[in-house]
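K.L.:
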Amino acid sequence: MQIQDLSRTTLEAFFTSIASLRRVDLRGKLPVLRLPVMSVHGVGDNVVNPDQATLIGRYVRGARIEMMPHSRHFPMLDEPESFNQRLHSFLKNSGID
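Below is the structure:
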């Protein structure tokens with residue numbers, strides 16, 4: 074999905090998908106992950122609370138949590154250079170590069 078596609082989404086469809094996300098809790102499945110995990114969040118995110126963003130670190134051993142200081146919900150758009158540097162570093166250090 075492209076960002077511009079969001080403008081064609083009806084409010085009803087948007088709220089329906091958000092409501093479905095609230096009903097799903099996958100935390101119990103996270104500990105079985107056996108691969109490198111990086112979670113990137115914007116400090117100013119008003120969709121996913123930054124405190125909630127760090128929860129993945131409790132459930133995935135060795136998870137890397139990146140908090141982007143000048144970003145909101147889309148850090149890859151708010152701080153593209155910093156985001157790309159962090160992603161490249163993660164991939165390089167994880168042996169995925």
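Every number in this note's numbering is 73 more than the matching position in the sequence shown, counting from 1.
We put the beta carbon where it would ideally sit given N, CA and C, even for glycine.
The structure displayed is predicted, hence computed values, not measured ones.
(1) Cβ of Val120 within 8 Å of Cβ of Pro142?
(2) May I have a chain-ordered list of the beta strand (DSSP E) segments no shorter than 3 residues that lie completely inside the region 127-156?
(3) Just verifying my parser: in three-state terms, what is the DSSP assignment at Gly115?
(4) In whole angstroms, what is the alpha-carbon distance linking Arg134 and Asn166?
(5) From Arg96 to Pro109, what distance separates their C-alpha atoms?
(6) Looking at Ile129 and Arg103, is the spacing between their C-beta atoms short of 8 Å?
(7) May I ask you to report which of helix, strand or coil DSSP gives Ile159?
(8) Let me check understanding here. Comparing Cα to Cα, which of Leu160, Leu84, Asn157, Arg131 lies closest to Leu106?
P.N.:
According to the structure data:
(1) Here residue 120 corresponds to residue number 47 of the sequence shown, with the count starting at 1. Here residue 142 corresponds to residue number 69 of the sequence shown, with the count starting at 1. No; because the gap between Cβ atoms is not below 8 Å, this pair is not in contact.
(2) Fully enclosed beta strand (DSSP E) runs of 3 or longer: 137-141.
(3) Start at 1 with the first residue of the sequence shown, and residue 115 comes out as number 42. DSSP places Gly115 in strand when its eight states are reduced to three.
(4) In the sequence shown, the residue the question calls residue 134 occupies position 61. In the sequence shown, the residue the question calls residue 166 occupies position 93. Roughly 16 Å separates the two Cα atoms.
(5) If you number the sequence shown from 1, residue 96 lands on position 23. If you number the sequence shown from 1, residue 109 lands on position 36. Counting only the Cα atoms, Pro109 lies some 26 Å from Arg96.
(6) Sequence index remark: in the sequence shown, residue 103 carries index 30 (1-based). Sequence index remark: in the sequence shown, residue 129 carries index 56 (1-based). Here residue 103 turns out to be Leu, not Arg, going by the sequence shown. The criterion of a C-beta distance shorter than 8 Å is satisfied by Leu103 and Ile129.
(7) Within the sequence shown, the letter at position 86 stands for residue 159. It should be noted that the sequence gives Arg, not Ile, for residue 159. In the three-state DSSP reduction, Arg159 falls in the helix class (H, G or I).
(8) As a working mapping, residue 106 is identified with position 33 in the sequence shown. For Leu106, the nearest C-alpha among the options comes from Arg131.
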